[in-house]
Each structure stands twice: as structure tokens, then as C-alpha cells.
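Every letter in the sequence shown is one number past the one before it in the numbering used here, and letter 170, counting from 1, is 176.
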Amino acid sequence: NEADGLLYGLTKNRELAVIGSNCVAEVKGKPVIDVPSGAPCENVNNFPNTFSATFDEMGDALVLDNSKDILYTLNVNSNIAENCVQLELNGGNVPTLADIAYDAENDQLIGIRGDQLYEVNPITGVVMSSMLSGITSADEGSSVGSIFGIDDGTIIAFYNATGNYYEIDPETGVASFLANTSSNSSNDGTSCSQVNIF
């Protein structure tokens with residue numbers, strides 16, 4: 007989280023954990039969902055098991071429930087989800103996005119699947135899709151496990167099946183090849199196989 011310089015995650019019990027610069031984790035408990043009446047997650051009690059997440063420039067976590075296409079805004083200081091919106095893609099269903107990145111220049115979330123770039127409006131839930139150019143044919147149908155926003159508004163995307171890294175300009179939809187490394191079918195954002203909390 008660039009707003010406070012701390013690392014956050016959800017435990018297997020869906021409790022919010024924060025790790026400070028001393029590498030000590032504090033488990034804050036399960037986030038409380040306290041949203042306006044009529045919100046799509048009004049009667050939801052727990053955060054999802056399958057999700058993607060990033061932080062906005064205010065330091066709130068934006069957590070996407072991939073199974074229900076609901077985007078939560080979680081205040082990590084109070085551990086309260088204060089809002090949620092239903093995602094809507096014109097002309098189809100929102101695909102599973104293994105990871106999302108925040109584009110501060112345009113106040114949008116960016117997700118990628120194969121050769122499609124998805125821009126998510128975190129306020130309205132409207133999702134726009136566009137074609138990416140510049141990726142290999144092997145990457146056109148594969149999954150993007152992790153994407154990272156960088157300061158100039160571009161993002162870095164890692165394609166699991168090939169191990170290819172690209173720098174992508176969300177404005178133009180142009181992907182520029184950066185490097186190749188080992189493929190990783192389980193790569194998903196900043197997931198890790200084991201964390202020891204003391």
C-alpha cells in the first residue's frame with residue numbers, strides 16, 4: 007500500500023493481516039461489511055475466497071470478488087468495507103481477473119485476460135474492454151497472473167503460461183515485450199505458498 011508503506015493480505019480465514027517494516031504481522035480480524043442499504047453486498051458476511059485486490063491512491067483496498075463480480079472498497083485502517091459495486095460489462099460477463107492494478111491517472115482498475123484489457127470504473131462498476139496489441143500468439147489465450155501499476159501510468163503484466171513480461175499502455179492498448187522467465191501456472195499477484203506469523 008503506497009499510502010502507508012505497509013503490506014496487506016487476507017489469511018485463509020479471510021482475516022485482514024498487515025505486515026510492518028519490522029516484518030511482524032498483525033491480524034486485524036475479518037473485515038466488517040458495512041455498506042449503504044441496497045448495495046449488492048448488503049447481506050454478505052465474509053470476504054470471498056477467490057479475489058483480486060489493489061490499493062487506490064487514498065490507501066483503501068479495492069477487492070474484487072471474482073465469483074460474484076462485486077468490487078469492495080475496504081478501509082484498511084478501520085477494517086470496514088464501506089462500499090461495494092456490481093461490475094457490468096457491456097455485451098457479456100466479466101471474466102475472472104487473476105489480478106488488478108490501480109491506474110491513478112484515470113482512477114480506473116486495470117485487468118487483463120489473454121489479448122483483452124479491461125478497465126473497471128471503481129465508482130460505477132462499468133467495465134470496458136479493448137484489444138491488446140503487441141503480445142505473442144501464445145499469450146493471446148492465456149492467463150495474466152499478476153499486473154503492477156507504475157508511476158508513469160503504464161502497467162507490467164506477467165503471462166503465466168509463457169513467462170513473458172510486457173509493459174502495457176492502457177491508453178493505447180499497446181504491449182511492449184520486456185523479458186521472459188519461467189512459466190508459473192500458480193502465479194497470482196503477490197500470493198505466496200506459506201506465511202509464518204509470529
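We put the CB at the ideal spot given by N, CA and C, even for glycine.
In this text the structure is predicted, and so the values were computed from the model without any measurement.
Item	Value
Sequence-distant residues of the same chain with beta carbon closer than 7 Å to A67, five excluded per side	Y14, A59, F61, L80, V82
Segment contact, 8 Å Cβ cut-off, at least three pairs: the segment 68-76 with the segment 43-58	yes
Cα-Cα separation, L16 to P46	21 Å
Buried or exposed by the 16-neighbour rule on C-beta atoms within 10 Å, applied to N89	buried
Secondary structure of R119, DSSP reduced to three states	strand
One or two residues paired with L93 in a DSSP bridge	According to DSSP, L93 bridges with nothing at all.
DSSP three-state assignment for D71, whether helix, strand or coil	strand
Straight-line Cα distance separating T102 from S43	27 Å
Beta-carbon spacing of A144, T160 below 8 Å	no
Cβ shell of A87 (< 6 Å), same chain only, five flanking positions each side left out	P37, I39, Y78, L80
3 or more residues per run - each beta strand (DSSP E) lying fully within the segment 115-170	122-126, 132-137, 150-155, 161-165
Beta-bridge partners of G35, as assigned by DSSP	L22
Pair within 8 Å by beta-carbon distance, V126 and L93	yes
Per-residue burial, N51 [other beta carbons within 10 Å of its own, 16 or more giving buried]	exposed
Unbroken beta strand (DSSP E) run spanning V180, endpoints	180-186
For E146 and M63, the rounded distance between their alpha carbons	Inspection of the sequence shows that residue 63 is occupied by Glu rather than by Met. Cα to Cα, E63 sits roughly 31 Å from E146.
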